[in-house]
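Residue numbers (our numbering): 1245 to 1375. The beta-carbon is built from N, C-alpha and C at its ideal position, and this holds for glycine as well. Fair warning: this is a prediction, and the values are worked out from it, not measured in the lab.
Set out below in structure tokens:
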């Protein structure tokens, strides 16, 4: 009986440790796809995406760590930026093509929602998975 209880306790601890590892180490599968901006949170205010005349309205992440950012200005597609991405120390690190300096963002993924925070600008961009 005691051996069974010890074995059960060990398995419970092992399962918990593995579960925590899965939650803290994102994989490409968690972010690959197309994400559409649904809202911007800025200085305590919430702005629906359709009320914004400019910004990164769509982001696409590909399995080979490439991506595209669709930038709008005056409610029209202005440019498409190509970038490389990776997860480093709990941050989403993006390097735009032609720019040698990578930019790191705190982010959260929850179901079909992703939040990317620009701490320098006090902005939080909320995206919803499209594909």
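Buried versus exposed, by CB contacts within 10 Å (16 or more), residue i
i            : result
residue 1301 : buried
residue 1275 : buried
residue 1327 : buried
residue 1228 : Here the chain comprises residues numbered 1245 to 1375, so residue 1228 is not present and cannot be evaluated.
residue 1334 : exposed
Continuous alpha helix (DSSP H) stretch holding residue i: start and end
i            : result
residue 1273 : 1272-1275
Integer-rounded CB distance, given that residue j should sit under 8 angstroms from residue i
i            : j            : result
residue 1316 : residue 1304 : Not confirmed; about 15 angstroms, so no contact.
residue 1309 : residue 1283 : Between residue 1283 and residue 1309 the Cβ distance is about 27 angstroms, and since that is not below 8 angstroms, they are no contact.
Inter-residue spacing [alpha-carbon to alpha-carbon] between residue i and residue j
i            : j            : result
residue 1371 : residue 1322 : 19 angstroms
residue 1355 : residue 1277 : 13 angstroms
residue 1288 : residue 1338 : 25 angstroms
residue 1293 : residue 1363 : 19 angstroms
residue 1373 : residue 1279 : 4 angstroms
residue 1290 : residue 1365 : 15 angstroms
residue 1340 : residue 1347 : 9 angstroms
residue 1336 : residue 1350 : 6 angstroms
Opening and closing residue of the beta strand (DSSP E) in which residue i lies
i            : result
residue 1351 : 1347-1354
residue 1341 : Unbroken run through residue 1341: none, as it is neither H nor E.
residue 1325 : 1320-1332
residue 1365 : Residue 1365 -> no beta strand (DSSP E), and no H or E assigned at all.
residue 1305 : 1299-1305
residue 1317 : 1310-1317
residue 1290 : 1289-1292
Cut-off 6 angstroms between Cβ atoms - residues of its own chain near residue i, not counting five sequence neighbours on either side
i            : result
residue 1368 : 1285, 1359, 1361
residue 1353 : 1274
residue 1313 : 1300, 1303, 1325
residue 1319 : 1297
Close-in-space but distant-in-sequence residues of the same chain around residue i (CB under 8 angstroms, 5 per side omitted)
i            : result
residue 1307 : 1272, 1276
residue 1311 : 1303, 1304, 1305, 1326, 1327, 1328, 1329, 1338
Close beta carbons around residue i, own chain, < 7 angstroms, minus the five adjacent residues each side
i            : result
residue 1296 : 1284
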